[in-house]
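Chemist: Here it is, the structure in full.
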Amino acid sequence: MLKKYFHKIGISALSFFFMFHGILYSQTPADALLMEKGELCIAAMYQNDSWNKYWEGILLRDNKNIGTLSRSNYIPMLAYGLTKRINILATLPYVSTSASGGQMAGTSGFQDLGIFTKVKVMDKSAFQVFTAAGISFPISDYLSDYMPLNLGLGTTEISLRAILKYEYHSKIYFRGSAAYLHRTTTEAERDYYYQDGSIYSTTMDIPDVLSFDAALGCWLWDHDVQLEALVGTQIGQSGDDIRRQNMPQPTNKMDMKNVSGYIRYFPSFTQGFSVFGSVSQVIDGRNVGQSQMITGGITYQFPIFKSTAQ
Amino acid sequence: MSKYLYILCLWVALSIASCNTDYPSGAEYENYQFTNLDQNAGTWKPILLTSNDQIFIPAPEPTTSEAYLSELKTMKTTLASASSNAVYWGCNPIIRWNEIARDLAAKYNLTPAPNDDGTYPSPSAANPGVYPYFPFAHPPYASRAFAYLSAAQFDGLIASWHYKYKYNRPAVHITDPSIVPVFHASDLPSYPSDGAVIAAISREILGAMFPLEKEFLKIKAEEMQKNLISSGINVSSDIIAGDSLGKGVAKVYLKRAVSDGMALAQTNRQVSDSIANAALARFGWKWINQESPVRPVGITPKFGKVKMWNVPNVESVRPGPPPVPGSDAFNVAVEELKSFTKNSTKEQRKIANWWSDGLGTYTPPGHWNRFATDFIIQYKMNPIRSARVFAYLNMAIQDAGISCWDSKYYYHYPRPIQLMEGFKTSLGTPNFPSYTSGHSTFSAAAATVLSYLFPNEKAKCDKWATEASESRIYGGIHFRFDCEAGLEAGKKIGEYAIQKALVDGAD
């Protein structure tokens, strides 16, 4: 039983991604799970993120020239247990965007390569503390200044996260995390833009983001099923508002609050597989879409080196 | 491990601290010595003033008088060495006022949002502060604001040069060598202050064009005039005379502005429909806005009737008709657009975006003003030469806008998205007919005038105009024939401006 349980938490290397206006709020390193040394996890995820209303500044509105904006994210992921306490992860989403209204063309392509590491820094009976750090950067020449149909923000992001987990009798757990996402700049294909005044530059500052979330989860059916409910908030640390009836731009302050539900199933008749799904809804925001997101994925985990797998 | 984490934290903290970059909000230039002072500029032919002394400025007190000496004394107490204000305004405030105009254009270049019932509100000059705020500074509006500002500044400076050399009050640093001006000392006579003329004209003209900014403009103008004293350039009587001259010139220009036809350019729906139906009867087509909800009236259907600066009549530069939809020439243009959507290169995408100058920006006219600014700095022009550049440039640009809009609403030609089923674009399609392209007409006129004023830069300007024109095809919002006709008309319109410039006495 104990062995099986450890195996399962080992598999669990990913949870949610949120895409709004092309920002990938990767929360992959936000969960409080680690794989064993020498184990590799391969995951494939599909997400559909859509909205038909967005916040122009703080005004929630629709826009018939956008209609419903949809993003499809195809996210392959690799995770590896470097040691018992240190995992590394890599993701590379392929993104495709479209708008049901108006005549603006959608885009598609590979977005940002993300590399994360997660370290267990404390493990005291029911309490565990992790830190996660990561970097992501664009690997294609997509145009970030094509909101809201852009693939991503076209910026290098350095994230630092602290995660605290408390587990009650291996059945119910609470997890809280706080992160700071530092974003550098992005290059527009124009050398003039308006951000509370004229700016004569191709470079746009992307606001940093402070992010918090809290999750309550449980294990059911002899740890075959994991259920989790999550609330999260993202707060842009600077930036301007979308002006009235104007297009958004990467310099905007983007805030949001979201709620999510997550389920994951580890079939007991086979080793190393899991399937998972989640739904998420943005309930409040600023300069972001009122997104609804459905995610589904599959993971497969196995030891690369037999001798170090246990 | 914790050591590495510590290093990582430190790195993140450092990169956060170093990220508050200041991006330029305008041209960054060192104060420079003017190439020359254009001492005979007082004899140049102004644009609207009928003579160089149409606005009367009395003779100044002599520099030996009690009054002058006391002003000089006061000035010395305010002398500040290179304050941030002095650095901002620099030796050529024409540049800064042009930037302020671009800034206001970008601030007000936002299209009204629809009402909940699907109708659209309109900005009202009578109630500028009620949403949608007045003005909507679309390209025609911006082109006119730039033209009035620049032409008035040019006339004001001609008049000021006239009085400067008529009254010959020596520069302050010549009267009192203990005063060291913040800028390169020039021997330009100081009365009336050319800087004060520029400040007063800019405040008055831009205040009329952007009524909600009157308070902001007042602060700017007063700040600039004060700065002329604390920088060791002018005493207060120079400023007072300059201010009064500037206001007099602005009045002449604003009188033209109220009756130039702009007030009627944005029509109601009935007039707009009748213009569209006239084209339908004449040609068998009409442009229809494709937004949802549909905007019932395009941008300024009667801008083509606005009074031109240098072109005798708008029909004389109106291009011939565009290809009939379905004709061979039309189909070629359609195929070209489709091919760009399918395989546009990175270079083409960049050109489309680089020249877009769409909503929320300083518009294509603003883009060309920026180029002119860079040339003015590069060639170390004095304020009156700079004003001349902006005056001829912006009169040509507004004339180009008038001609282009005449053609747009005369032919009322549909946009690609209207004629090509399911066609998607990478740029937003503007709210006015297709033929001819505004970018092309504005840019060709601007490039022609700038090539005349800066002959060494002709190749660059021509390349820019071609790129700006092509960018609209790459973006999927214009047919090539829209652009070609626009370039051709723009060039002709630029030539009209040059004909005027050739005989104004400056060359």
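If you read the sequences in order, they're chains A and B.
Take the first sequence: its position 77, counting from 1, is numbered 1213 in my numbering, and each next residue is one higher.
Take the second sequence: its position 397, counting from 1, is numbered 492 in my numbering, and each next residue is one higher.
Where a beta carbon is used, it is the ideal one built from N, C-alpha and C, also for glycine.
All of these numbers come straight from a predicted model, not from anything done at the bench.
1. Report the three-state DSSP secondary structure of A:R1197 (helix, strand or coil).
2. At 7 Å on the CB atoms, spell out the chain A contacts of B:A254, in chain order.
3. Helix, strand or coil, according to DSSP, for A:N1394 in the structure here?
4. What three-state label does DSSP hand B:M669 in the structure shown?
5. Below 8 Å on C-beta distance, what does A:L1279 contact in chain B?
6. Could you please give the first and the last residue of the uninterrupted alpha helix (DSSP H) stretch that includes B:S565?
7. Could you tell me the distance, in whole angstroms, from the CA atom of A:T1292 to the CA atom of B:G185?
8. Determine the DSSP secondary structure at B:N477, reduced to helix, strand or coil.
9. How would you list, in chain order, the residues of chain A whose beta-carbon sits under 7 Å from the beta-carbon of B:D469?
10. Could you check the C-alpha separation between B:R191 and B:Y183 for me, to the nearest Å?
11. Using 8 Å as the cut-off, can you tell me whether the region 456 to 474 of chain B makes contact with the region 232 to 242 of chain B, which would need three or more C-beta pairs spanning the two stretches below that distance?
12. Give me the DSSP bridge partner(s) of A:Q1437.
13. Of the residues that make up the region 453 to 477 of chain B, which ones have a beta carbon closer than 9 Å to any beta carbon in chain A?
14. What span of residues does the beta strand (DSSP E) with A:T1253 cover, start to end?
15. Given A:F1156, which residues of its chain have a CB within under 6 Å of its CB, disregarding the five upstream and five downstream residues?
16. Return yes when the Cβ of B:L132 is within less than 8 Å of the Cβ of B:L375, no when it is not.
17. Under 8 Å, CB to CB, which of the residues in the region 1225 to 1245 of chain A have a partner in chain B?
18. For A:M1390, does the count of other Cβ atoms within 10 angstroms reach 16, so buried, or fall short, so exposed?
19. Just checking, does the region 504 to 516 of chain B make contact with the region 572 to 581 of chain B on the three C-beta pairs under 8 Å criterion?
20. May I ask which residues mark the beginning and end of the alpha helix (DSSP H) holding B:V267?
21. Does the distance from the C-beta atom of B:S332 to that of B:I324 stay below 8 Å?
22. When DSSP labels each residue in this structure, what does A:Q1239 get in the three-state scheme?
23. Residues in the same chain with beta-carbon distance under 7 Å from B:I588, minus the five sequence neighbours each way, listed in chain order, please.
24. Counting only C-beta atoms, is A:P1306 closer than 8 Å to chain B at any point?
25. Indicate whether B:L252 and B:V292 have their beta-carbon atoms separated by less than 8 Å.
26. Where does B:Y457 fall in DSSP's three states?
27. What did DSSP end up calling B:V409 once you bin it into helix, strand or coil?
28. Starting from the Cα of A:T1093, find the closest Cα among B:I593, B:P119, B:K555 and B:A596 and give me that residue.
29. Counting only Cβ pairs nearer than 7 Å, list the residues of chain B close to A:K1200.
30. Within its chain, find whatever has a CB closer than 6 Å to the CB of A:S1404; leave out the 5 residues flanking it on each side and keep chain order.
31. May I ask you to report which of helix, strand or coil DSSP gives B:S331?
32. On the three-state DSSP scale, how would you describe B:V366?
33. Measure the C-alpha to C-alpha separation of B:S255 and B:E308 and round it to an integer number of angstroms.
34. Write down the C-beta distance between B:A584 and B:P414 rounded to the nearest angstrom, noting that I regard them as a contact closer than 8 Å.
35. Tell me whether B:Y487 counts as near the ligand SAM, meaning its Cβ is closer than 7 Å to at least one heavy atom of that ligand.
36. Let me know the secondary structure DSSP gives B:V347 once reduced to three states.
Modeler: A quick look at the data gives this:
1. Correct three-state label for A:R1197: strand.
2. The premise fails here: B:A254 is roughly 30 Å from chain A at the closest Cβ pair, so nothing lies under 7 Å.
3. DSSP places A:N1394 within a strand segment (E or B) once states are collapsed to three.
4. Look at the range of chain B in this structure, 96 to 602, and you will see that residue 669 of chain B is not part of it.
5. Listed along the chain, the chain B residues whose CB falls inside 8 Å of the CB of A:L1279 are R444 and N448.
6. Note that residue 565 of chain B is Glu in the sequence shown here, rather than Ser. Per DSSP, B:E565 belongs to the alpha helix (DSSP H) from K553 to Y569.
7. Cα to Cα, the separation comes out at about 37 Å.
8. B:N477 sits in coil when the DSSP states are folded into three classes, being neither helix nor strand.
9. Chain A residues near B:D469: none, gap ~10 Å exceeds 7 Å.
10. Rounded to whole angstroms, the separation of the alpha carbons of B:Y183 and B:R191 is 8 Å.
11. Result yes; three or more Cβ-Cβ pairs closer than 8 Å.
12. Looking at the DSSP assignment, A:Q1437 forms a beta bridge with A:C1177.
13. Answer set for the region 453 to 477 of chain B: G453, L454, G455, T456, Y457, G461, H462 and R465.
14. In the DSSP annotation of this structure, the continuous segment of the beta strand (DSSP E) that includes A:T1253 starts and ends at D1248 to K1260.
15. Low confidence applies to A:F1156: its pLDDT is 39, below 50, so where it sits in the model is not reliable, and the reading given next is rough at best. Contacts found: V1424, G1425 and S1427.
16. Contact flag unset, no.
17. Of all residues in the region 1225 to 1245 of chain A, only G1237, G1238, Q1239, M1240, A1241 and G1242 place a beta-carbon less than 8 Å from a beta-carbon of chain B.
18. Under this definition A:M1390 is a buried residue.
19. Output reads yes: the region 572 to 581 of chain B touches the region 504 to 516 of chain B.
20. In the DSSP assignment, B:V267 falls within the alpha helix (DSSP H) that extends over V267 to T270.
21. No, they are not a contact pair.
22. Assignment of A:Q1239 by DSSP, reduced to helix, strand and coil, places it in the coil class.
23. Excluding sequence positions up to five before and after B:I588, its CB lies within less than 7 Å of the CB of V406, V412, A491, D494, A495, S498 and A540, all in the same chain and listed in chain order.
24. Note that residue 1306 of chain A is Ser in the sequence shown, not Pro. No, no contact with chain B.
25. Result yes, Cβ atoms of B:L252 and B:V292 sit closer than 8 Å.
26. Of the three classes helix, strand and coil, the one that applies to B:Y457 here is coil, per DSSP.
27. Looking at B:V409 - three-state DSSP - the assignment turns out to be helix.
28. What the structure shows of chain A is the stretch from 1137 to 1446, and residue 1093 of chain A is not part of that stretch, so it cannot be assessed.
29. Within chain B, the residues near A:K1200 are S387 and P388.
30. D1360, listed in sequence order.
31. Helix, per DSSP.
32. It is helical.
33. If I take the Cα positions, the gap works out to 26 Å.
34. About 5 Å separates the two Cβ atoms, so the contact holds.
35. The ligand SAM is not among the ligands present in this structure, which contains no ligands whatsoever.
36. B:V347 falls in the helix class under three-state DSSP.
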